[in-house]
Structure formats: structure tokens, C-alpha cells
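Presented below is the structure to which this report refers.
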Amino acid sequence: MKTKDAPVTKAYDVERIRAQFPILRELVHGKPLVYFDNAATSQKPRRVIKAESAYYATINANVHRGVHTLSTKATEAQEAAREIVRRHINAQHAHEVIFTGGTTASLNLASFSLGQLVLKPGDEVLISGMEHHSNIVPWQLACERHGAKLKVIPITESGEWDLTQVPFSDETRVLAVSHVSNMLGTINPVKELIAEAKKRGIITAVDGAQAIAHLNVDVQDLGCDLYAFSGHKAYGPTGTGVLYGREELLERMPPWQGGGEMIDTVTFEKTTYAKLPFKFEAGTPNIAGIIGLGEAIRWMEDYDFAFAKASAEQGKSAFAAHEHMLLERATKELLTIDGLRIIGTAKEKVGVISFVIEGVHHYDLGTLLDQQGIAVRTGHHCTQPLMERFGVSGTTRASFTCFNTTEEVDTMVTATQKAVKMLR
Amino acid sequence: MKTKDAPVTKAYDVERIRAQFPILRELVHGKPLVYFDNAATSQKPRRVIKAESAYYATINANVHRGVHTLSTKATEAQEAAREIVRRHINAQHAHEVIFTGGTTASLNLASFSLGQLVLKPGDEVLISGMEHHSNIVPWQLACERHGAKLKVIPITESGEWDLTQVPFSDETRVLAVSHVSNMLGTINPVKELIAEAKKRGIITAVDGAQAIAHLNVDVQDLGCDLYAFSGHKAYGPTGTGVLYGREELLERMPPWQGGGEMIDTVTFEKTTYAKLPFKFEAGTPNIAGIIGLGEAIRWMEDYDFAFAKASAEQGKSAFAAHEHMLLERATKELLTIDGLRIIGTAKEKVGVISFVIEGVHHYDLGTLLDQQGIAVRTGHHCTQPLMERFGVSGTTRASFTCFNTTEEVDTMVTATQKAVKMLR
Amino acid sequence: MSTTMTLAQTQQELVSEFAMFSDWQDRYEHLIELGKDLPLIAPENKTDDNLVRGCQSRVWLNAQLKNDLVHFTADSDAMITKGIVALLVRVFNDRTPEEIIGASTDFIDTIGLRAHLSPNRANGLSAMIDQMKRYAVAFSGNASTA
Amino acid sequence: MSTTMTLAQTQQELVSEFAMFSDWQDRYEHLIELGKDLPLIAPENKTDDNLVRGCQSRVWLNAQLKNDLVHFTADSDAMITKGIVALLVRVFNDRTPEEIIGASTDFIDTIGLRAHLSPNRANGLSAMIDQMKRYAVAFSGNASTA
Ligand SMILES: Cc1ncc(COP(=O)(O)O)c(C=O)c1O
Ligand SMILES: Cc1ncc(COP(=O)(O)O)c(C=O)c1O
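Chains as they are written, first to last, in the numbering used here: chain L, 55 to 478; chain F, 55 to 478; chain U, 74 to 219; chain X, 74 to 219.
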């Protein structure tokens, strides 16, 4: 596959990237796979797949409690991954990195524990109108348990927070918002909103599920108290996730799950908890997955930064620049289709494009694109309130990653035109 | 490695089993690995490792919401694993099988949700004195939240439930006990106790973490309402687990985690939940892990039942018989060591042997066994109350699996003798 | 005309119809065409109660017992889904409850629409089949042939 | 005698001592021997406060400032752990807080006891080193040389 016309990718060798993803050799309905569902889950480079199998084939053992060599090696490998994550998101301490099963688990931990710590009847939790269900429902449940109320930042027509209408109040205890919207692609001004919240003494949690593979996330720079993301959306294994938390806050937060690993002493009368991060990591962790996640981040750093250095814009993520180029091309070309409307036209976006076409149902479009080898996501994208905001029942969403090409974008546009013709 | 003297294993080709575990080629301190820490986590046969990498290399996609081919294939593979689990534990419906991150997560789900459903001030939860912390702490936390009390079945000197002293009362709402003890090896008479509990209208939950790889678990025969286990202790991947629940009870239980996948409709005012099993599966599951778990169970069934058929005792698990033979040999030989005391001398045991040696600290012994290539577990085994019951600060535990040999048992005994000599 | 055929014959007829198409485009165009023949559900029956759960597109399905035969009407907001419903209705319509309950649905696989049968919640095909069979079960007590 | 050596010299001495042993058995026997030279903690100081957290075996560690030097006493219920504590005490004992704070502990790796340094919570070696350095930090304000 050759990218005929890609000025920005001059120093960016997309073929070299593609070669590392075994799944890209697959055919779908006899056609080469065009994978544009990266926001749902990312594909895995060979290095990540190998890191997991190598773990099982050579050092597999349960961590932290064993005296024997395998247990020591498994523990060291897992803790090395924690340090990789710490460095990647620039946390101050490795023990501020808590491993979970995914963003959803991270946000459930956060909402459960913060609920116990700070929520009282009449208090408020502030989220935004573009949140994923995983950053809505856990807070709803916490509010129900503690008699608190959910408040919502309204969304503008372009798919951005309406910063003139942020319902901060004296009762606001927690602000929980997404860094990047999975449905709109909007990159939100979290740093600014966090600064405002901090002035008011509000605890801040960020859902970084859609940011981690596309932006340089620096938790200290953002100033957030908590930051959640999933490994599987950042080239890592399924069943892995992270909740970063500021040490001082984590120390005060009560544990969520009880069990092995998270305790110091247990009697039937009273249990005391282990120190960070173990207090929040009950049970045997997803050891292989965590090691795979560490490798995924190293892979990203190796390739992303390598290209960044070779590119003109020193320091900027090469992946992000490439994805942005694909987004611009897709936006321009899709808009030539009659009756097509893009939902999410924010100024700052990652490579995510959601659209509806007059008279064409997203399920039909998704099905016919699949017949042409193209994987897009259709439906409500786990953001039903946002669907309602824009008066649609669902959209078709294409989300780009480092290995996608301009040719693939063109293929999708042509395939969409063909589908529309069949469906009208 | 040859087993010189193993009458029971006549039809049991241990070498054929060993050949399937890549890790058994590893050397530890220059000696062949003797892995006797199977109760902490099991090693993985090649088929399981390959199932995970093949998933990533060919069909990786997010499940359940995608129209495209990869998503359909990933969903089918995951749901096929659910059906494999259902059949293996003889649940009535596949939707009674809920995937979690492990036994600990399963028990936290159970205790949180049951707490909300049935626990009121003054109520009681009944556990046993040999529970793992993962089957103590979650119930303690639930009791705290709802003003209920934890009651404990005492343990006899041989490491069995004292059935004459089960503190059932009119306030007992939940019975939560382990099928097999991780520290003692005791196989508990769960079926009998469940029958008694059911007569009293008590909800029953079983911690099957140590049973699933060793017994033929039949949830309908046991009559339990809930049954929890981990994939990683049954030849499957880390980060996987199951909570089986009877349909009628699961329908009544409120959800635990909120997020994507577990909802039907979400508005900021009100959320309605999806049907089973999705109500309890918030967020992207550990798709690769679940597929690996399905393969692990199929592997177990293929080999275990194949051998069982070839063996004299038709229908009995061949793995269990082999492990029992190793247990008997280890018990006999270890007892020749001066001052050695076995903790856990129940009549019915899986292949787990815990012991203390007068004047020898378990940490020292574990370290010196490791120097000789032998992996055992030492310490409190996440059962601190049980340690107290037996007046010890920790034990050394060897736990056997299908691929261990009598020769390895002999090696451990000799190595223990050598260590004791050095330490006295 | 097709009502004079047995359920199995109708399935066979559909298999033959689809066998004529060698590429996906013709197959899906035909499916969309079929959707236009679907006996539409009366607007007043397009209620939430008649919505089939588990579809990414919305599907309404209604059934009535007429002369001991189950008569289906339906609709969908997506054209492909509508075509699939039409397929099913063509096979199941005006059959006895027993015929419907006992029917295999392997022909969907043969036709090349298996993906729509997957346990994937984006697709509602299995939910639809379940719903049709549930109607048949509900009627089987009432039908005089039962 | 060893107190006249610098901290680095003591480490070097230990490295040489252990280099003589080619097999694990001799190495561990020597470690156990070393444990017998450990300046034992006074029974009244064997308190929970002086327990080093994070060890599978129990380790008590106490420190006092004498003539601007940090004097350690300790004990453990496990012989190998006691040997390891003895190693550390031999290196760190009767040094200034600054020497202790600045000391590298690479020699443990060289000696072949790296496994005991792992982040594995069964092993308490890193916890012990942390504790010794914490004592030194606490004293560094008080020492007249500071
Ligand atoms: C913005 C956002 N938040 C949360 C989630 C939930 O992530 P996971 O399903 O990995 O728990 C997603 C994934 O779809 C997401 O896009
Ligand atoms: C009896 C028992 N219950 C629960 C657990 C916890 O399992 P996991 O750590 O996989 O969650 C274990 C594992 O050690 C166990 O042995």
C-alpha cells in the first residue's frame, strides 16, 4: 500500500508501522482489512503480543508473595511496567499508578471510594454532556448511594464544552470529565477547567480513555487528582487499565475491593490495609496483561518519539500529526457526499470523525462498509445523552491510528458513496 | 524425567502432559524448574498461550457493539468461551456465567450486590475459619456498610469445618465458604452445608478458586446460588475470572459496576440496565483472556477426560488421581523429617501440603528450596486467621498439578532435608 | 403463492434466490428489495412493547393468530434490517405455531447472512427469531389445532 | 577492626568474602554465619514500632546516634534474613548519617543476593535499606557534624 499524497508524512514511514501489526494481513470478505475502529480498541503490535506469550512461557508466577525465582521475576516485570506507566504519564511516584481491569473499573473505583470519602446529601458531582456511559453511570450510582446530585456541563453545537455555562456550585465536590470525546473527537480544555475546580477545592478526575494513545498525557501538568485509561485502547492487552491518583488523595481514599494483596493484617474483627498501590489492587492482578501494557507504552514511545525527532515539529507526537492529516482528508472528502453531516466540529480534535447521512441508517452503512472490508463503528458509542443532544439515534464513526493510510481514507469515502447509492 | 515408581499413573503419560507446558524447559539457578506453586497460579499449556496470540493476530476487536466482521468474530469467540464455561460447570444457562477479573472480583461483586439486596442491620453473614482473605474482607466491608455481622465456622485440629458448631441463626442471610482450602487442601462438604442453608432460606456463595482445576464442579449438583473462580488457577490467563449465579437470583441482584456494556438506556436522570449477563459486565471485557480461559477449559477436558477414560476408575478425574498420588507420596516422605508437622490432615484433600518444621523459618526454607530449583510458597497464604488458629506465623506449601512427577516430589524431600541441615 | 409452500420449501426457495448472486452488492440489493415486500406493522402497533430488544436499528414486530396461523407484521428504520425481517416473515408467516417453533434457521447461514445471527448485540437477528418463536409459543396454547 | 574501614571498603570486603564461594550452599552458609555476628537489638526494643514492614520474616531494627555515628541493632526470626540484616549492619554501622544516606547498595547485587532486593513483598531487603536510610535522615539534623 502506498500513500500517494501525504505531505505531512514525509518522514513518517507508515509501511514500517503497518509491518508490526500482524492483523493487518487479514482479509475481510476477501478485501484487505481497513481498520477504522481504533477508538473502540486498538490493534496490537507484534512486540506486545510476544511480551505476553514470553511471560507465560518463561516467568509466569503469582506476584508479590512468593520467595521463589519465578515469583521474583514476575514481580519485577510487573513493577517495571508500573514504572514505565509512571514515566509515560509523568506521575511523581510509581505507587500512584494503580492497575485495574480498564477505564470502567478505574472510574468505578474512583466513584465508589470518593463517594465514601466526600459525598454527602445535597453535594454535587459535575460531569459533562459528552461523557461515555462509563463516566456517567458510576457517578450516578455514587450519587444515589450518598444522596448527591449529578450536574452536567452543556455541549455546544460544535461539540465542545459550553464554558459559559459550567454549573459549578458551592456543593460541587467532584469534577469528572473526559480528556477526549470518543464520539466527537473533541480534545477538551481539561487543564483550564481543572485549574478552576481546584480554586474551588473540588476533586478532579479525568477519563483519559481516548487520550492516552493520541496525546502526550502529563498528569502533573494537567493538575488532575485522578486520571483513568485502558490498556486495550493504547496498543495494549484487553483486561488492563490504570487509575493514576495523587499520593495524598489516594492515601485518604478508602479501599474499594477487598481481598488478597490489599491487606496488611486480617482478623475476623478488623482488617488493616496495605500501603499504596496495593491498597487498591485486591486479588491476583492481570500480570501478563500489565507486562503487555508496559511493552505497548514502550513501543509507542520508541516509534512515536523516534518519528517525532525526525519530523519538523520537534517534540510533537508523530502519530498525532499523522492521524490529524488523515482526519483532515476524511473530513474534506466525506463532506462532498450529499446529505452528510459531521457531528463534532471542534477546533481541537483527535483523529475521530462521526457522521450521519440523510436517509441512510448507520447500521445499513456499517454493514455495507464491512462488505467492502472497512471496519467502522456505528450506533450510540455508549454516549446516549450526547446522541439526544444532537438529535440522532446513532452515527457512523471512523477513528484513525498510526498505521492508517490516506489510501484507506479514500477507500472508505468511495465505499460510502457506493453504499449511499444502494441505500437511497 | 522419568517416573520410576508410580503405580497409579500407569495409563497416565506425564511426559505427554509436560511437553505442553513451555515453561517447564526453564532452569532456575541452573537446575530444572520444579514448580510446586500451582495453587498460587497454574502454568499455561501452549494451546492457551496460542489462543491469546492468535486472537490478537487475527480477530481482535471490541465486542458486542460493532457491525463489522472482526467485532462479530471476537464476540462469537468470547461467547463461545462463555458456553464452554457453562458446560464445564453444568450451569443451566450461558447467561448465568459472568466474566470478571478473578475470584476476588467475583466475590466483591457478590458481596456488594448481595449486601444491597439482602443485608440489614443485625443480619449475619456466615463464612468459615479457613477462608482466603478474598472471601473474608469483601464480606467484612459489606457487613460494615449495612450494619451486619460476620460469623465464622470454627476449624478442627485436622483442618476441617467443625460441623457441630456451625453458627447458623435466624439472622443468617448469606453463607460464603470455600470449596477447597488453599492452605490446608481440605475439600469441604459444601453440598451438605448448602442443603442445610437452603432449608433456612440462606443465599449460598462458594469460593471455588482452588476447586476448579481439581474437582468436577457441577453447580446444579452443589445447589449453590453463586460460585466464583479464577482463570489463572485453572491453566488460563491472568486477569480472568467467573462468577456463576443462578438466573433467578442474578435477576434480582443490583449491578455492581456502572459503565458501557451493562446498560440498556442512559439519561442523566435515570439508567436502565441490560439483561444478563451484561448487567454485571461493565466496560470492555478481557476479551483475549476470556478466549484463553475457554481454551484452558477445553484443554483440561481433552486431557483430563481422555486419561480418565483410559484409566481404571472411569469418570474420575485423571488429573485429580495423579495429584492425589503425589500428595500421598509427599506426605509420607516429608513426615520422615524430624520436627516436621503437616497442617491440614483432612480426610478429603486435593494435592496441597502445608507444613512447618521446628526451628526452621518458612522464609529460610523457601529461599533454600529455590536455590535448588524448587518453587514452593511460604508465608500466610492470605489466610491470616487460619494461621492464628494453628498458632503459626506461616507455613511452607507445596501444591501439585497434572504435570508434576514423583521424582520431583523426591527432589523436594531431599532438598528440604538439605535445607534443614543448613538451618539447624 | 409462497404460502402454499411448506416452511422448508420457502427456505429452499430463498436459498436458491440468493444463490444467483455471486457478489455482495447484488445480494444486499436483493435483501433491500425484499424489505419492500414486508407486510408493514400498523402505525398504532409501532409501540415500545413491540420493539425487539437488542438491535442497533429499531425493529417493531407484531403477531396475530388468524385461522390458527400466525400472521406477522413488522418494520424497521434500517433497510437491511428490514430486508432481514422480511426474509424471516416470508418463511414464518401464516404458519402454525408448531411449524414455527420447530423450524430450523440454518438457511440464513446458507444465504450468507450468518454474521447477522451472531451474539453481537449490534445485530438483532437472533433476537428477532427468538421473538417470533415466543409469539408462536404464546399462541400454541390458543390454536385449535394444538 | 572493620570500623576503621570506609563504608565502600567494607562493601568491597564483603564482595571479596562472597567471591570465594562458588556454590549457593557455601554462600548461604556464610550468610547464616554472618547472622550470628549481628549486634542484637535489646529485648525491650523488639517492639512493633521497630518492626520493618514488608518482610515475610519478622525483622526488628533499632538505631541510636552515638558520637555523631549511627549505631544499629537488629534481629530477625529467620536465619537468612538475619544474615542479610547483618550484612547491612556491617556496612552501615557506626557511620555518619551522611555516609549512610549517600551509600550505594550495588554490592548486594554483586554478592548474588539481588533476588532479596526485588519489589516482591515477600522480601524485605529494600524495606530494610529504606528504614536504615530513614533513621540516618532523622539523625542528620541532630548530628553535630551536620
Ligand atoms: C471516553 C471513554 N471512556 C471510557 C471508556 C470505557 O473504557 P473500557 O471499556 O476500556 O473500560 C471508553 C471506551 O469506549 C471511552 O471511549
Ligand atoms: C481459596 C482462594 N480464594 C480466593 C483466591 C483469590 O483469587 P484471585 O487472586 O485469583 O482473585 C485464592 C487465590 O489465592 C484462593 O486460593
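We treat Cβ as the ideally placed atom computed from N, Cα and C, and that holds for glycine.
This structure is a prediction, so every number in the text was calculated from the model and none was measured.
For ARG70 (chain F), the nearest beta carbon of chain U is not closer than 9 Å to its own beta carbon.
Residue range 191–200 is occupied by the alpha helix (DSSP H) that includes TRP193 (chain L), with no beta strand (DSSP E) assigned at that position. Assigned with DSSP and collapsed to three states, ILE256 (chain L) falls in coil, not helix or strand.
Ranked by how close their Cα comes to the Cα of VAL410 (chain F), the residues F:GLY155, F:ASP392, F:GLY313 and F:GLY427 have F:ASP392 in first place. Residues of the segment 139–154 of chain U with a C-beta less than 9 Å from any C-beta of chain L: SER149, ASP150, ALA151, MET152, ILE153 and THR154, listed in chain order.
For TRP97 (chain X), the uninterrupted alpha helix (DSSP H) segment begins and ends at 97–108. As computed with DSSP, HIS149 (chain F) is found in no beta bridge at all.
Per DSSP, the continuous beta strand (DSSP E) segment holding GLN137 (chain U) begins and ends at 132–139.
Listed in chain order, the non-local C-beta contacts of THR120 (chain U) below 8 Å within the same chain comprise TRP133, local neighbours out to five positions each way being set aside. Closest in C-alpha terms to TYR101 (chain X), from the list X:MET201, X:ASN166, X:ALA151 and X:GLN84, comes X:ALA151. In this structure, LEU180 (chain F) keeps its C-beta atom at 9 Å or more from the C-beta atom of ALA249 (chain F). Only residues of its own chain outside the window of five on either side were considered, and among them GLY169 have a CB closer than 7 Å to the CB of ARG199 (chain F), listed in chain order. At least 9 Å separates the CB of ILE351 (chain L) from every CB of chain F. In chain order, ARG306, MET307 and PRO308 place their CB closer than 8 Å to the CB of LEU171 (chain F), counting only its own chain and leaving out the 5 sequence neighbours on each side. Look at GLY433 (chain F) here: in three-state DSSP terms it is strand.
For ALA288 (chain F) and ALA164 (chain L), the gap between their C-alpha atoms comes out near 31 Å. Secondary structure note for LYS205 (chain L): its beta strand (DSSP E) is the uninterrupted segment 203–207.
Cβ atoms of VAL88 (chain L) and ILE190 (chain F) stay farther apart than 8 Å, at about 51 Å. Here ALA336 (chain L) is near GLY312 (chain L), since their CB atoms are less than 9 Å apart. In terms of Cα proximity to LEU303 (chain L), the closest of L:VAL404, L:ILE256, L:HIS142 and L:ILE345 is L:ILE256. Proximity of the beta carbon of THR338 (chain F) to ligand 1 is indicated: a heavy atom of the ligand is located closer than 8 Å.
In this structure, the C-beta of THR385 (chain F) stays at least 8 Å away from each heavy atom of ligand 1. Going by DSSP, SER107 (chain F) is part of the alpha helix (DSSP H) stretching over 100–112.
Remark: C-beta atoms of LEU229 (chain F) and THR258 (chain F) approach each other more closely than 9 Å. Relative to the Cα of VAL117 (chain F), the nearest Cα in the group F:LEU440, F:ILE344 and F:LEU173 belongs to F:ILE344.
Interface criterion not met: the Cβ of HIS376 (chain F) is under 9 Å from no Cβ in chain X. Scanning the segment 115–145 of chain L for uninterrupted alpha helix (DSSP H) segments of 4 residues or longer gives 123–143, listed from N- to C-terminal end.
Under the Cβ distance rule, GLN129 (chain X) counts among the residues neighbouring chain L, one pair being separated by less than 9 Å.
From the listed residues F:SER107, F:ASP224 and F:HIS286, the smallest Cα separation to ALA93 (chain F) is found for F:HIS286. Per DSSP, reduced to three states, the secondary structure at ILE181 (chain F) is strand. With a threshold of 8 Å, the Cβ atom of VAL206 (chain F) does not count as near ligand 2, since no heavy atom of the ligand is closer than that. For THR95 (chain L), the three-state secondary structure derived from DSSP is coil.
Relative to the Cα of LEU124 (chain F), the nearest Cα in the group L:HIS147, L:ALA115 and L:THR95 belongs to L:THR95. For HIS200 (chain L), no chain F residue has a C-beta closer than 7 Å to its own C-beta; the minimum C-beta separation is roughly 12 Å. Pairwise C-beta distances place the segment 155–170 of chain X out of contact with the segment 467–475 of chain F, as fewer than three of them are shorter than 8 Å. HIS187 (chain F) has its alpha-carbon roughly 9 Å from the corresponding atom of PRO439 (chain F).
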